[in-house]
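Residue numbers (the numbering used here), protein chains in the order written: chain H, 1 to 416; chain Z, 10001 to 10093; chain F, 20001 to 21002; chain D, 30001 to 30202. See structure below.
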Amino acid sequence: MAKYSIFSLLRNARDDHQNWPRVWRSPEPKDAYDVVIIGGGGHGLATAYYLAREHGITSVAVLEKGWLGGGNTARNTTIVRSNYLWDESAAIYDKSLKLWEGLSQELNFNVMFSQRGVLNLAHNQHDLRDLSRRINAIRLNGVDSEFLTPAEIKAFCPILNTSPKARYPILGASLQRRGGNARHDAVAWGYARAADARGVDIIQNCEVTGIRRKGRKVVGVETTRGVIKTGKVASVAAGHTSVVAAMAGLRLPIESHPLQALVSEPIKPVLDTVVMSGLVHVYVSQSDRGELIMGAGIDAHNSYAQRSGLHTIEHMMASIIELFPLVSRLRMMRQWAGVVDICPDASPIVGKTPVEGFYINGGWGTGGFKATPGSGWAFAYTIANDRPHPLNEPFALERFSSGRLIDEHGAAGVAH
Amino acid sequence: MLEITCPWCGPRDETEFDYGGEAHIDRPKDPDKLTDEAWAEYLFMRKNPKGPHLERWMHACGCRRWFNVRRDTFTHEITAVYRMGEKPPGDGA
Amino acid sequence: MSRQVNRRPEGGRIDRDRSLGFTFNGRRYTGFAGDTLASALLANGVMLVGRSFKFHRPRGIFSCGAEEPNAIVQLGAGARTEPNLRATQIELFEGLEAASVNCWPSVEFDAGAVSDWFSRLMPAGFYYKTFMWPARFWPQYEYVIRHAAGLGRAPAEKDPDRYEKFHVHCDVLVAGGGPAGLAAAFAAGRSGARVILADEHSEFGGALLGLGAGIGGKPAIEWVESTVGKLRGMAEVRLLPRSTVFGYYDHNDLGIAERVTDHLGPAAPPGPPRQRLWKVRAKQVVLAAGAHERPLVFADNDRPGVMLASAAQAYVNRYAVRPGERAVVVTNNDSAYQVALDLDDAGVKVAALVDLRPAPEGPLADALRDRGIDVLGGRAVVATSGGRRVDAVEVGRLNDDADRIVGGTRRINCDLVCVSGGWNPAVHLFSQSRGKLRFDAAGACFTPGDSYQAERSAGACNGAFRLADCLAQGLAAGAAAARDAGFRKGRAPAAPKAPEPEAAPLRAVWRIPLPGDRARGAKQFVDLQHDVTAADVALAAREGYAAVEHLKRYTTTGMGTDQGKTSNVNALGILGQVTGTDIAGVGATTFRPPYTPVGYGLLAGRDVDHLFDPARRTPMHAWHESVGAVFEDVGQWKRAWYYPRGAESMRAAVDRECLAVRNSVGIVDASTLGKIDVQGADALELLNRVYTNAWDTLKPGRCRYGLMLGEDGMLFDDGVTSCLGENHYHMTTTTGGAERVLAWLEQWLQTEWPRLKVYLTSVTTHWAVAAIQGPNARRLLAELCDDVDLGAFPFMSWRDGTVAGIPARIFRVSFSGELSYEINVPSSLGVALWQALMTAGARYGITPYGTEAMLVLRAEKGYVVVGHDTDGTVTPQDLGMDWIVSKKKKDFLGKRSFARSDTARPDRKHLVGLLTEDPREVVPEGSQIVEEVRPAPPMPMGGHVTSSYWSAALGRSIAMALLVNGRNRHGETVTISLPDRNVRAAVTKPVFYDPEGEKLRA
Amino acid sequence: MPETYPRQGALDHLRLDARAVDDPGDAGVVMCARRFVGKVNLRGRPTKRFREAAGGALGFAPPVKPNTAAGAGGVSALWLGPDEWLIVTPPGREGEVIEGLRARLGGQHAAVTDVSEGRAVIGLAGPRAREVLMKGCPLDLHPRAFKAGDCAQSTLARALVIVHQTSDAPAYDVYVERSFADYLWRWLEDAATEYGLAVIRG
């Protein structure tokens, strides 16, 4: 892998950039691999990378039905944070955050991880109680989290409407300073380039159409580009986890929903942090290009359509203007939707399945992007050792039978 | 925004409806006899297909009646609407 | 004030009697009504209007419409300033102020232009390869990147304007009011169908406004005017000018942004909204969105003065403006020939028409030659020269494969270069509707393939570029749409004649080759707004970003505010060329809504300020306000939180309110509680199925408390249900649970238990509820109620009676642990009741108390609040409420889940009481209990404080917590870790006041 | 219920009477608060027996056609669902209607519930009344689709409503849950401003 740096940039500028090497190969699928990963998004590519780097397993194919990084990796709102309530979540998300902190250097690819902080707003007494519980739990798990008063919020993010006369006034916020944003495409590309360099075959335009089993054991996958033999199949197909699992004869506690997002036209910097509000259901940040990126809650119905709509964003926009009155004269430039896998407890499923050699990493809901490095890291361990790492052990499928759910809905007291 | 035809009120905007997820999941008659796994099947496990889906909707802002819909989760095309207790038309999903 | 030096002496669709003054970059100019900002600037000789995003290169007006990549301006100042508008779409008004974006100190001398010197170091995606060392410097790098990026500026003040919405249904929506759209609307409208015709421009006619073409032997504009006149006469046709159909969503749901008063500027009348969002559900849609002309990609094709040929034509014809003095027209198709003729007519010297096709022939070429205009076939403009404006082009000869320039080049002086690389049908809406695009090799463009929703395309957006075809397709599409919408008369009228010479095929050359001696380094722009060059596209492909979406994302082609209307197809063509696939194999990028950017304020509409979200009021709300209550938001409800007297602190007020209840009597507004009337022969059976306890023994006149669980066994809601009579019950729910519980019960009744004969009716807001609580409650009630035997009115029962002359239903239930009556009266009498109680209660010092005191009082008694002490992960057993879980009932909702291995664990988190060692210490709710105190986190946690208050009655703090194995730890001391210190507390039963309930039953 | 108590309508705090005019003139929109309209929720499967019993009590049979209203003698029945109607009576007459219905429906699976105070009613009329509703209601209110005598439950802005068109003029009665009445009135008033608003007595 040719190293990227200011020096390589200067050298290549001299050659008019004619000599940059390919970031990844486009190999033909081989007959067999030790591990086949279904899904060439951030999580799948990270899994492949850590399989190669941490476990020395390089006979790995990543099968992507479209273009790599083209699913939710390309469609999310790029928020990275680890301020989760339960110990199990804090552990895996903070492992992820720690990996984010060195990721550009690790991958030699600038993923533009920017720790500009994540604010979670509280608008009523219920929110404040919940926020306090979270801040304390997060802090005691060794993760950074602090409370800001409305005056401190105003100082930290001046364009927020902190007027006590607002319909839902801002009464406080939690701030995770280590949270922020990263460049979503770069994460997929960086992992792909690094995995490819370690021998992983990334095969685009290759859709898995079936999973072959002998008894309860996986023996291969059928694809649009032929049959591939393997003893280990790992599903990392965010949004489509149920579809892949069905090929292995499994039903999952997952439903797929549209999640809508949009960006504004680029403007000069006005927002230097990430702001989230559960009550009015929005989250917003400003990209390095100057666009305000925002998202809302999921649409209620099951869908694989990646279709956006108008009513969801009308609601979203009213909330945005309630929080940031100054954005009223900005304009929406693009809107889109991703398809997210939602588990009943809003936590992922990462681990083994009743089918031997079939592993699942999915159900990340609306928050998968931030987990990319940690999820890949733990999942690689699970695949390599055929047993979960302590980080992902609590996220096993069995929890739905035992009742040991990890409820991260956030809005306490709501029947889920 | 989807347009859903309430069997009573006719075509209305999606925003008037509540979604109830997969249809035809019957509550087990004798839950105590089920294993934890079988109970989890009923509670949590869903088909979640990409394609035709039999699902429940309720006209929340209208007549408040629940009914069934066959809708393709990829194309969003609605190919059937039928009342509670009725079987899906044709061969189901 | 400068003269309009480039204004033609006559013609154009401008009103020369209405001169309008405006400023651009601080200089004053004048234009005419009917001008756009762009046409007015051109009339005044202003071509340089902006700087590019990345290299800050000078840029001029490039188009005359929505596709404009360069002329991006900041409009207005102060609260009404708006960033990133296209000068080509801004209608001129008196007093308009605009300025270039992304340049400093001025558009002429932009300091950022130094970045052009380093452009070699900034190929596509360069930032992914650098700024990584040292890692800690990234925030500084990023600061610079962020401040260099972005175009205009957000206002610094609140938006003073109004935005409105309309929901509308129609039979046929026609998107686009050019020849095809007008024809379609006419054909559909005459059938009687409800038709909406929307067009983004100020007047209908589309391209016809800028063409000199004829229809039916008359100037096309006459046909436009006559057709619009006929449409105006049709009662069911709605014409929406200045209205952009921007989004095509599921099930023929479309969004239209109407700019109602934008064109009036400060003269806008106060009544109507600034903009209006039309949310249309159309039975049928006709897309007639026209086409965008495609530029050609050659070196330095971004210099001010390079312009789309059709734009130059529109400027001379529609706006009577000469965009230059000496033009070179370069084209690969026939359409630009008429442009050259029109320019010549307008007095613009056409130095040459350069046609990429080898041997231009036909009547148009002849006409040019007749006028002495050079027609140079088989040649292309390979480069331009100039500073802030083009001063010459270099023309070279293409070889047969169009991949080389053969021989030398020739320089032609000019200040205007009109380019035409063919036409891209505006398939945006079609693609948004999910229709599949197909590549049309003849036109070298993407056209609509199979439809997906109930829509049809007509005219240029359907790949029909000849006027006669547009008219015929429009009429046919409009008639067919009306027919499919159920209007039988929908037969297409005959199309008028619109003679045009037969067009010769175009010659698609995606990138004009450079002369051999300059094969490197020249900038051939593909995306003008984002400064993406052909070399960037090639670099992306070389590095492996060859998938269309990779190319787009890596180079940022098409990601600007113009959404790549002039760049996408050229980029795909070049990608195909570089990768050796044809463009059809490369595929198209996804067109995402909106077609052009849509204002946030417009999307929000009037859901702002006090109308952002409903504030629900109880019948006694105004009374609470009148005595200075402080309210809290509970869901959408406004509830009185506490009632400070004078300068009293919240703590003092709450203490006072609590003590009043404990010592005499308090009154609380409990109207928000959910109330459901349950009737029917199987009402009892329903209660037994949805509550954890048994209801068979509940007699009329009696009340019972119940818990509802989800099927997962977790607490879902609680409340008291009373038996009103045979098969008739009054159920109460939590405030937040009112709608949820009703929906939950309805769902079970309708889906799972349709045989149960039960009817549910919400009566939540029918009743106003005033609860009087405290040892003097009975005495107070006795003064106002003489028809209920209060002595024979035990706890957990209800009576109908008259209170202060008002018919009431009185429930003797309590959420404070005191003697208590919840008095329900019809809502319109809530205030009358409340005031009567206040008056009669004065002698007892009756004290209104709010939700905070209510929470303290119930916590003293250890009563849980669902959603406060529980969070969806708590079972009744966890709360120590096994007593209310029937052991006898075979089944109820949620029961089975108790037996799951984790739910059955004996050491789950249990509700406990906490008494801090220092009784004055009130720990914040949400504090965590740590199982092992360490100098610093992480520390293992055992639970958290769910409720915590100062109890005035007890003279100390009290708290409740969910604690691991808490039920078995009473008497233990635990540590609560606050951010700055630790607090020790004893674990107790969660009941602090009157544990035997003597006061309750008094 | 006799009028001996100081009753308060859901919108009384807005002091609309003080703003009310006798002649709305050329106002585009005319609004009023209809105070104390009687409302009774009626449930029951519309069998012949049920319809006869209910019809006997009301003087007309509750409509079975969805989204329509029927009425006689100042009382009307708005279809709410296949087994649900809202019976609307002049102020104070809800009691007798309830008694009549209960008496005749005895022995049937039916429910009669007084919900008079649960919803406020806003009268909306004037040449631009339809446009005001179109601003926030997704129903197709075009005269071809919605006429006098039609009623429908839907959303208006962020509130649930029943819209009952009472005349082709057009004029509407908008029913909204009492706690939302203040919000909806303010929303309607804001929406009507551009057309000229007159408030009249209910």
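Backbone N, C-alpha and C define an ideal beta-carbon position, used for all residues, glycine too. Note that the structure is a prediction, hence the values are computed from the model and not measured.
| Check | Outcome |
| --- | --- |
| Whose CA, out of 20859(F), 21000(F), 20876(F) and 20865(F), lies closest to the CA of residue 20954(F)? | 20859(F) |
| Between the C-alpha atoms of residue 20934(F) and residue 20918(F), what's the straight-line distance to the nearest angstrom? | 21 Å |
| Quick check on residue 20114(F): buried or exposed, where buried means 16 or more other Cβ atoms within 10 Å of its Cβ? | exposed |
| Using a beta-carbon distance below 9 Å, is residue 30172(D) in contact with chain F? | no |
| Express the C-alpha separation of residue 20937(F) and residue 20906(F) in angstroms, rounding to a whole number. | 28 Å |
| Give me the Cα-Cα distance between residue 20604(F) and residue 332(H), rounded to the nearest whole angstrom. | 12 Å |
| Would you list, in sequence order, the uninterrupted alpha helix (DSSP H) runs of no fewer than 4 residues that lie entirely inside the stretch 20300-20379 of chain F? | 20309-20317, 20335-20345 and 20363-20370 |
| Hey, which unbroken runs of the alpha helix (DSSP H) at 4 residues or more fall wholly within the stretch 20154-20226 of chain F? | 20179-20189 |
| Terminal residues of the continuous alpha helix (DSSP H) containing residue 20623(F)? | 20621-20626 |
| With respect to the beta strand (DSSP E) encompassing residue 321(H), which residues constitute its N-terminal and C-terminal limits? | Counting along the chain, residue 321(H) falls outside any beta strand (DSSP E), though it belongs to the alpha helix (DSSP H) covering 311-323. |
| With a 10 Å radius around its C-beta and 16 neighbouring C-beta atoms as the bar for buried, classify residue 20143(F) as buried or exposed. | exposed |
| Under 8 Å Cβ to Cβ from residue 20001(F), same chain only, skipping five residues before and after it: list those, please. | For residue 20001(F), the predicted structure reports a pLDDT of 46, less than 50, and the residue's modelled location is therefore unreliable. A value from the coordinates is still provided. Once the five neighbours on either side are set aside, the close Cβ partners of residue 20001(F) are 20021, 20028, 20029 and 20030. |
| Nearest to residue 20979(F) by CA position, among 20875(F), 20016(F), 20789(F) and 20928(F), is which residue? | 20928(F) |
| For residue 20405(F), tell me which candidate among 20768(F), 20379(F) and 20491(F) has the shortest Cα-Cα distance. | 20379(F) |
| Would you grab the beta carbon distance between residue 366(H) and residue 360(H) for me? Rounded to a whole angstrom, and I think it's under 8 Å. | 18 Å between Cβ atoms; not a contact. |
| Using 8 Å as the cut-off, can you tell me whether the stretch 20381-20393 of chain F makes contact with the stretch 20294-20309 of chain F, which would need three or more C-beta pairs spanning the two stretches below that distance? | yes |
| Determine, for residue 20253(F), whether the minimum Cβ-Cβ distance to residues of chain Z falls below 9 Å. | yes |
| If you draw a straight line from the alpha carbon of residue 20897(F) to that of residue 20877(F), how long is it in whole angstroms? | 12 Å |
| Taking only beta-carbon atoms, is residue 10019(Z) less than 9 Å away from chain F? | no |
| Which of the three DSSP states, helix, strand or coil, is assigned to residue 20927(F)? | coil |
| What residues are listed by DSSP as bridge partners for residue 20082(F)? | 20075(F) |
| Please list, in chain order, all residues of the same chain as residue 21015(F) whose beta carbon is under 7 Å from its beta carbon, the five residues on each side excluded. | Not covered by the structure: residue 21015(F). The range shown for chain F is 20001 to 21002. |
| Tell me which residues of the stretch 30073-30087 of chain D have at least one Cβ-Cβ distance to chain Z shorter than 8 Å, keeping chain order. | 30080, 30081, 30082 and 30084 |
| Under 9 Å between C-beta atoms, does residue 72(H) make it to chain Z? | no |
| Can you tell me which residues form a DSSP beta bridge with residue 20032(F)? | 20019(F) |
| What separation, rounded to the nearest whole angstrom, lies between the Cα atoms of residue 30001(D) and residue 10033(Z)? | Reliability of the predicted coordinates at residue 30001(D) is poor, the pLDDT of 41 falling under 50, and no value is obtained from them. |
| Mind checking which residues open and close the alpha helix (DSSP H) that includes residue 53(H)? | 42-55 |
| Tell me the residue span of the beta strand (DSSP E) that contains residue 30098(D). | First-last for residue 30098(D): 30094-30105, but that is the alpha helix (DSSP H), not the beta strand (DSSP E). |
| Return no unless some Cβ of chain H is closer than 9 Å to the Cβ of residue 20925(F). | yes |
| In the DSSP output, what is residue 10053(Z) paired with across the bridge? | 10071(Z) |
| Would you decide whether residue 412(H) is buried or exposed? Buried here means 16 or more other CB atoms lie within 10 Å of its CB. | Confidence at residue 412(H) is low in this model, with a pLDDT of 30, below 50, so its placement is unreliable and the value that follows should be read with caution. Per the 10 Å Cβ criterion, buried. |
| Applying a beta-carbon distance threshold of less than 8 Å, which residues of chain Z neighbour residue 20249(F)? | 10001 |
| Cβ of residue 412(H) less than 9 Å from any chain Z Cβ? | Residue placement at residue 412(H) is flagged as unreliable, the pLDDT there being 30, under the threshold of 50; a coordinate-derived value is accordingly withheld. |
| What residues in its chain sit with their C-beta under 7 Å from that of residue 20231(F), if we drop five residues either side in the sequence? | 20185, 20186, 20189, 20197, 20237 and 20239 |
| Let me check understanding here. Comparing Cα to Cα, which of 147(H), 9(H) and 346(H) lies closest to residue 20122(F)? | 9(H) |
| Would the beta-carbon of residue 119(H) fall within 9 Å of that of residue 157(H)? | yes |
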